[in-house]
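2 protein chains.
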Amino acid sequence: MARKKSQTESNTAAAETTRRAPMRDFSRSLPMSLLRAREAVMRQFRPSLRNHGLTEQQWRILRALTTVDAIEVTELARVAFLLGPSLSRILRDLEARQLIERRTAKADLRRAVVSISAKGLKLIEAVAPTSEAIYAEITSRYGARKLAELQDMLGVLERSLVAMEVAGEESGEIEE
Amino acid sequence: MARKKSQTESNTAAAETTRRAPMRDFSRSLPMSLLRAREAVMRQFRPSLRNHGLTEQQWRILRALTTVDAIEVTELARVAFLLGPSLSRILRDLEARQLIERRTAKADLRRAVVSISAKGLKLIEAVAPTSEAIYAEITSRYGARKLAELQDMLGVLERSLVAMEVAGEESGEIEE
DNA sequence: GGCAGATGATTAACATGTTAAGTGAAATCG
DNA sequence: CGATTTCACTTAACATGTTAATCATCTGCC
Chain V
43 MARKKSQTES
53 NTAAAETTRR
63 APMRDFSRSL
73 PMSLLRAREA
83 VMRQFRPSLR
93 NHGLTEQQWR
103 ILRALTTVDA
113 IEVTELARVA
123 FLLGPSLSRI
133 LRDLEARQLI
143 ERRTAKADLR
153 RAVVSISAKG
163 LKLIEAVAPT
173 SEAIYAEITS
183 RYGARKLAEL
193 QDMLGVLERS
203 LVAMEVAGEE
213 SGEIEE
Chain F
43 MARKKSQTES
53 NTAAAETTRR
63 APMRDFSRSL
73 PMSLLRAREA
83 VMRQFRPSLR
93 NHGLTEQQWR
103 ILRALTTVDA
113 IEVTELARVA
123 FLLGPSLSRI
133 LRDLEARQLI
143 ERRTAKADLR
153 RAVVSISAKG
163 LKLIEAVAPT
173 SEAIYAEITS
183 RYGARKLAEL
193 QDMLGVLERS
203 LVAMEVAGEE
213 SGEIEE
């Protein structure tokens, strides 16, 4: 963000050929690094998921549901890391496809409880082998030790940022 | 993905209270780690961008444009890491807001050349101080050395995955 | 020169991200 | 109790992600 003269000047003419700095700084920012890394990973999985008619997020939800008997929507949003509105739409779709089952809690009519259906489980079982093979290939290519270390560092980063937010709020920001 | 009996059984009854395994494995997968880390980072920046009427992607584009005199759309998509269709829509919007300028290359009428406008530069300069302060805070909290190491590891991961794709294609997958 | 295939960019269609608003039920407090 | 507030979830509205299709131009080849 440093310089800024020397650029507005020649904004109009003789621009096609000028292409100069390789914008190193920008493409090496932390958000971009994380975005590219994640995209590189997901690019491996998407074709297989697509072959089974699943998006990445639908898979995340079904995958999460295999590890519990049943779960409330809000809790599911937390573990699958989806925002409420996205989850609402996806659950509507998955329910229509009969991959999940939903009913309302008896004790609290506001809450909905979701679980995976037999059909959903069957789908998971069809996709899982390929997914696990890909994951294993990634692990072997990158190195299991290194992968664990990377995930550790990501976890630390995440936690230090949460701490940052808290620190920013405890001052006087009660406006609105 | 291992077990699967013992769960379909009690799918129908007595489910609200059962919530068992903390689904460790799932939430610790590499894609989820990357997603959460990136989200934690972006959560810091979004409010400031929003105050200036910019989304994350719009910011990425303007930011990239400050480092060149002019750039073709395809090349801009590459450096800002956006897909063509997204970029098309955003450029249409940014042009309508007069934050960028676009014209077609004389030598090749298919190509469009984009550059940031004076108004766009002014906006960037208004947002940059806050963004840089946040970035500095993140760096200081996490540690500059550690941050560099993390980005290094992300880069290695990215490259090893690209290599993996190439390896998967050189067999006989010419089927559409 | 003209045509088949490649290329740059946009549009289309659907799914999700993101914030705000809405809806109904539960908890709280006077 | 009854009004108010909070809570769980959904809808709404707009922006982007993702793949396929379209459109115009360009290139290579005859």
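First to last, the protein sequences are chains V and F. Mind the numbering: the first sequence is residues 43 to 218 in this note's numbering, read in order. Mind the numbering: the second sequence is residues 43 to 218 in this note's numbering, read in order. Ideal placement from N, C-alpha and C gives every residue a C-beta, glycine not left out.
- Rounded to whole angstroms, the gap between the alpha carbons of V/Q99 and V/S69 is 27 Å.
- Of all residues in the region 111-144 of chain F, the ones placed with a Cβ closer than 9 Å to any Cβ belonging to chain V are D111, A112, I113, E114, E117, V121, A122, F123, E143, in chain order.
- Sequence-distant partners of V/L91 (beyond 5 residues in either direction) whose C-beta falls short of 6 Å from its own C-beta, in its chain, are W101.
- Restricted to the region 80-164 of chain V, the beta strand (DSSP E) segments that are unbroken, complete and at least 3 residues in length are 142-146, 154-158, listed in chain order.
- Close partners of V/L196 in chain F (Cβ separation under 8 Å): S75, L76, R78, A79, L192.
- In this structure, F/L76 keeps its C-beta atom at 8 Å or more from the C-beta atom of V/V115.
- V/E143 and V/S159 do touch by the CB rule: their CB atoms are close to 5 Å apart, below 8 Å.
- In the displayed model, V/R187 falls within a helix according to three-state DSSP.
- Rounded to whole angstroms, the gap between the alpha carbons of F/I166 and V/K148 is 53 Å.
- For V/K188, the chain F residues whose Cβ falls inside 9 Å of its Cβ are M195, V198, L199, in order along the chain.
- The beta-carbon separation of F/L107 and F/V156, rounded to 7 Å, stays under the 8 Å limit for a contact.
- When V/L203, V/A119, V/D111, V/A178 are compared, the shortest CA-CA separation from F/M206 is found for V/A178.
- A straight line joining the alpha-carbon of F/K161 with that of F/Q140 spans about 7 Å.
- Listed by position along chain V, the residues whose Cβ is nearer than 9 Å to that of F/I180 are L72, L199, S202, L203, M206.
- Under a criterion of Cβ atoms nearer than 7 Å, no residue of chain F is adjacent to V/R92; the nearest Cβ is some 14 Å distant.
- The three-state reading of DSSP puts F/R70 in coil, since its state is none of H, G, I, E or B.
- If you draw a 10 Å sphere on the C-beta of F/R145, you find fewer than 16 other C-beta atoms in it, and that means exposed.
- Between V/M195 and F/L192, the CB-CB gap stays under 8 Å.
- Against chain V, the beta carbon of F/Q86 has neighbours under 9 Å at L203, M206, E207, G210, listed in chain order.
- Below the 8 Å Cβ cutoff, chain V contributes no neighbours of F/R152, its closest Cβ being approximately 13 Å away.
- Below the 8 Å Cβ cutoff, chain V contributes no neighbours of F/A168, its closest Cβ being approximately 11 Å away.
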